[in-house]
Every structure is written in C-alpha cells, then in structure tokens.
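Sequences listed follow chains A and B, in order.
Numbering-wise, the working numbering puts 152 at position 152 of the first sequence, and it's gapless, one number per residue.
Numbering-wise, the working numbering puts 258 at position 21 of the second sequence, and it's gapless, one number per residue.
Virtual Cβ for every residue (Gly too), placed ideally from N, Cα, C.
Model, not experiment: these values are computed from the prediction.
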Amino acid sequence: MNGSAPPLLTFRDIWKTYGDGETRVNALAGVNLAIDQGEFVAIMGPSGSGKSTSMNIIGCLDTPTKGVYSFMGVDAGALDRSRRAVLRNRYIGFVFQGYNLLPRTTAAENVELPLVYRGVNSRDRRDLAMNALAQVGLQGREHHTPAELSGGQQQRVAIARAIVTRPTLLVADEPTGNLDTARSHEIMSLLTELNGQQGLTIVMVTHEADIAAYAQRTIHFLDGNIASDTAAAMEAS
Amino acid sequence: MLFETIRLALRSVRRNALRSFLTLLGIVIGVAAVIAMITIGTGTTEKVKQDITKLGSNLLTVQALRPMRGGDTNFTPRPLEASDLRGLVDGMENVNAIAPTAQRTVRVVFGPDNLSAQVTGTDNEFFTARNWAILRGREFSESELRSGASACIIGQTVRNQFFGSGDPVDSLIRVGRMSCRVIGVLEAKGTSGFGQDQDAVVMMPLTTFQRRIAGNRNIGQIYIAVQEGASTSDAVLAAQNILRDTRRLTPGQEDNFDVRDMTQIADAMTSTTTVMTGMLGALAGVSLLVGGIGIMNIMLVSVTERTREIGIRLAIGAHEKHILIQFLVEATVLSLLGGLIGIVLGLSLAGLASYTLSIPFVPSLTVIGTAVGFSALIGMVFGFFPALRGARLDPIDALRHE
C-alpha cells in the first residue's frame, strides 16, 4: 500500500438507517473504511450485512444517514442528485449482476450511453465505444443486441460500458452471479487485467470465495459493520 | 442531443407499434373531427354566401314586420298590400323589376302522385328579379294575371316527379283544392346552402294565389331588382320613404316594414353557420382532451415498464432532466404523429363531404396549424406528469425493479 497519497475514498463513521420508530433498522452502524487508488477490493458478507448499502454509497447512488463519505476528496454524501449524477458519469463505472443492458439496443449503443449523457458527439462516441468493445474482446459483435449475446458476452458489454468513460473507480455488484464457472473466471481475468494494466480501482461485491480470491483485499461485513479486513490484518501482523 | 432523443422516441413508438397506434387513435379522431367539422362548416358558410350573392347583390326585399309574440311592439303591424306595390312601382327609379310574392307550402297532386311544394303567387317581374329563366312553355299572360286564371309554372322537381321526361305543358295538376293548368317549366336551381330543394316550386299569378290559396289580399314579400351600377343603399332609402307614405306613417311612428339588401341577409345567415361551426369544433375538441388522457395513461404504463431502464440511465450519469425530456419528447412525438394522421384523415373526410354535399372545400391553414400545435401541446401537458414521475425515481429502487 502507498502510504503517502491520500486514499481514493473514505468512510468516516458512516450510518445508514432505514425506517422509523419500531421498524428502524441500521443497515450500516458506524463504518470506517479507506480504499486507495489502484486497489482491487472484494466485499463479502451474508445478505443484510450492509455490503450492498456500502456499495451504493461508494458508487454515489445513495447517501449515508450520518457520517462523511469522501470520494476523491469531495464530501460526496452531501452532494445533491444531479451533482452525484455528474460524479458517477465522470469517475465511476458500474457492472451489475444482471448485466442491466438496454434491451433491443445494440452493444455499441449500450456502450455509448454514458457518453451521450456526457455530451460527446456521435462520431467520437462511436470510436470510443468500438475501442472499449475491442478491449473486452467483443470485436465483430458491436451490432448485436443483448438477446443475441450469451451471458458472458453481455457482461463484457456491461464492462465495456463501465470503462468507456475511463473511470477512476469500477463498482461491480456480483458481476459473476449469473455466469457459469468458466465464464466467471473469464470475466474475473478481464477485471484483473483492467486493474493491473490500467490501475483501475475496483470494488466488487461477491458471495463466492474463489471469485473474491482475485482481489488483493477482502472486506467481510456482518450486521452493519466490518467484521474483518485483510488490509487491516496485514498491517496488524 | 434533442435529435438523439427524438430518434429514441420514434424507436420506442415503433417498438410498441400496436399500442402506440391505439394511443394515437384518440388524438387522430380528435384532430380529424375538429378539422373535418371546421372545414365542412366553413364550406357551408361559403356556399350560403355564394347562393345569396347569386341572387344578385342588387336585389332588395321588402317585408312587413310581424308583431313579436309576447313582446312589446312599438309599431302598428300591417301586411304589405297592393297599394304599397303600386307606390313602389310608381315611385322607384333605376329599377329593373319589382315583383310582389306570397308563398305557402301546399300539397300538389297529379294522378296518383303527390308532393309538397312551395307555391308562390307572383307576376312575370319575378322571373326578371330572381334571374330565373322559363325553360319550356311561356310566362303568364296579361289577362291571366289580371283575372286570376288557374295557370301555373312548375319547377324541375315537380316536373320530374309528375311527368318524368314527358311534356307537362297543358296538363292539369291539383294545387291544394284548386285545379291548375301547367303553362311553363322553370330551369333547375339546385339545392340551396341549407339543403333546401329550390326546384320543388309552383308559380301562379298573385291574384290566383290570393283568392284560391291564401284567402286574403296580402303580399308576403316584394323583390326590387336595382339596375346595375345604381346605388342599393339609395334604393333602400327611396323604398323606405315611399312605403312610409303608402302606409300612412306619421313622422313619430316606427317603420312597420323592413327593406333589406342581399348582403345584409347574407351576413345574417352566415353568422348563424359560423356560430354552428364554432360549436361543432369545440365539441370535437372535447375528444382531443380524451385523447390526451389516453396519452397520459400509456406514458404512465411506459414509465413503469421501463423503470429498470430509467435506473440504468440514472446510474450511469443521466440527470433528472434527461429522463424528463426523454419521456416528454416521446409523448409529444406520439401525439404529434396522431395530429398529423388526424389532419390527413380530417381533410379527407371534409373533402368527401364537400364533394357529396356539393359545397366548396375550404381547408384553412390556421386551423391545420392550430391542430398541429394543439396536439403537440397535449402531448407535452399530458406527458409531463408521467415523465416527471420517471425522472424522480430513485436509481437504486429503479435498478431493483423487476
């Protein structure tokens, strides 16, 4: 770990509370966390442990009830909807378990989508999308719709869409959850490659230990807080 | 960006072709109804105006004012009489013809056949004043006019019904309770702007009509055809002065008669059809409103259906306004498309109606432009609420939506 540069993102005493009164639930209860630029982090834990909530806050999709979430030195938890939308569009790429591609829309058009909201003109968009698709090994499939692609290929399109904006952070929510073992390992190799060669920071939620093994650091969540963190363990030893 | 959004909207409309079409139908029918109603209405007004001016803008009509039922009358009612006619004939200058008329609708019988006809008592001046030629036979003779002979001149409808293509001259027909010899046939005039058959008529000498049909010596209307180039307003004034004299009105008394030229009558009649047109158009406009509600309904369905898509777009950096514009444009494109189809349909309907009713086809650019603008507006207004609902979605919830 690089001790001199400030971390890419930090959680300072983050609380996330749902409901009111008797039905009040603390999804996160005072989480502290720091992730550096270039790290590949796996987040694990049973359902309801707070890992998805953490992911949503890290991805600037959600804001904490209490505490400070700082992303690239900005208090992202205090930003309004449209500022967070800009943040997501510029610095964060998303990969979901269910791929979440637009149906009946070609791979190239799906990949171009974040650039549309960034106001990039259509020729540049096309070039960038083609590059991103080539990077994930989908040359020749640019004009296929999701229905014409296999699950693994669809997830590659989703990864291309996430990296087409050259983000700083890639947030992956169980990216291999819908794939068979062989396909899962292909996707993980691709993510490892992006992390290694381009220094893309990756934060990934997963249930499977062998998938988590691709990451350099694993954080376990339990009952709204961090139960174990391999980085902390390393520092301690 | 806007072009992109319009393309996206068109694609979405095409994807749900059947649903889009059914949604469009409301707007199509609304716009078509408005356009057809107004175009046909304007055509009718135009036709009425043409018919009346065909009578001649130099034609004056004189009528006795009738007391209003239940209302106060500030004049002494008195029908037009022979003395009034004589006064006009003696006193008017620059006139081509002065014709007295009296009319009543009477059943006319020939053999086993009968029909209801407008029976007019008049003299030969009438044919000049109304510019109506006798196609076959002759006009009334002096002695027939004077003695009140049973001679009549029939219109084309009466002729066709009773005699077909045969020669009606010298046949005897029954008009009410009198028997009447046909001496002539008038040329065809066709249907009036109000759909009235102008050829279901029988003409007879005024004296005959007064004695045998009406049972009084009254004159209903006097037509005065002013010479070409002479001032009609001067003629109106002259007729008014003469009539005040013949009807012995003292300077303090109100006129108990009415002299009008045809342009005044045309204005009065077209104002009625214009009001009718406006009312029908407004009524059709209600169906546009219903069409708008249909658009709102389908846009709400569309937003719900595409919640996940909205979630994806929001997650990767779309702003609220992007989503709002996307759905707003989609609704507008949908209703505008309906509007365009409606215009084509409405104009076709109006064209067909104009052809069958033989009225002029007068499409109005203003009405078409308004219809286009209005249908776009409906899309925006009724699309706004669903679009806003989509734009306000929470990306996390939207992504979780199945």
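query	result
How long is the line joining the alpha carbons of Ala-587 (chain B) and Leu-87 (chain A), rounded to whole angstroms?	57 Å
Going along the chain, which residues of the region 48-78 of chain A sit with their C-beta nearer than 7 Å to a C-beta in chain B?	Asn-56, Leu-61, Asp-62
Determine the direct distance from the alpha carbon of Val-395 (chain B) to that of Val-412 (chain B), and round the result to whole angstroms.	12 Å
With a cut-off of 8 Å, do at least 3 Cβ pairs link the region 58-75 of chain A to the region 10-24 of chain A?	yes
Can you round the beta-carbon distance between Val-345 (chain B) and Val-268 (chain B) to whole angstroms, since I take them to be within the 8 Å contact cut?	With 8 Å as the limit, Val-345 (chain B) and Val-268 (chain B) do not qualify as a contact, their Cβ atoms being about 47 Å apart.
Which chain A residues are close to His-638 (chain B), counting only those with a beta carbon under 7 Å from its beta carbon?	The contacting residues do not exist; His-638 (chain B) stays about 11 Å from chain A at best.
Could you pull the start and end residues of the alpha helix (DSSP H) that Leu-409 (chain B) belongs to?	That residue, Leu-409 (chain B), is in no alpha helix (DSSP H); its beta strand (DSSP E) goes 409-412.
Using the beta-carbon count (16 or more within 10 Å), is Ala-270 (chain B) buried or exposed?	buried
Can the beta-carbon of Ala-339 (chain B) be found less than 8 Å from the beta-carbon of Phe-494 (chain B)?	no
Out of B:Asp-327, B:Thr-282, B:Thr-279, state which residue places its alpha-carbon closest to the alpha-carbon of Asn-478 (chain B).	B:Asp-327
Would you kindly check if the distance between the Cβ of Arg-156 (chain A) and the Cβ of Val-171 (chain A) is under 8 Å?	no
Measuring CA to CA, which of B:Thr-359, B:Ser-470, B:Ile-289, B:Ile-532 is closest to Val-618 (chain B)?	B:Ile-532
Looking at Thr-106 (chain A) and His-143 (chain A), is the spacing between their C-beta atoms short of 8 Å?	yes
Whole-angstrom Cβ separation of Arg-90 (chain A) and Thr-201 (chain A), contact assumed at under 8 Å?	14 Å between Cβ atoms; not a contact.
Hey, is Gly-554 (chain B)'s beta-carbon within less than 8 Å of any beta-carbon in chain A?	yes
What are the boundary residues of the alpha helix (DSSP H) that includes Phe-619 (chain B)?	602-628
Rounded to a whole number of angstroms, what is the C-alpha to C-alpha distance between Arg-251 (chain B) and Gly-575 (chain B)?	13 Å
Less than 8 Å between CB atoms is the rule here; does Pro-114 (chain A) satisfy it with respect to chain B?	yes
In this structure, how does DSSP classify Asp-482 (chain B) when only helix, strand and coil are distinguished?	helix
With which residues is Thr-338 (chain B) paired in a DSSP beta bridge?	B:Gln-458
So which residues of chain B does Phe-94 (chain A) contact, with C-beta pairs closer than 7 Å?	Ala-552, Ile-553
Using the beta-carbon count (16 or more within 10 Å), is Tyr-592 (chain B) buried or exposed?	exposed
Is it the case that the Cβ atoms of Asn-331 (chain B) and Val-463 (chain B) are separated by a distance below 8 Å?	yes
My output table needs one value for His-185 (chain A): the three-state DSSP class, helix, strand or coil.	helix
Less than 7 Å between C-beta atoms, sequence neighbours within five positions excluded: which residues of the same chain meet that for Val-566 (chain B)?	Thr-242, Ile-243, Ala-246
If we cut at 8 Å on Cβ distances, does Ala-85 (chain A) have a partner in chain B?	yes
What residues of chain A sit near Ile-549 (chain B), judged by a beta carbon separation below 7 Å?	Asn-100, Leu-102
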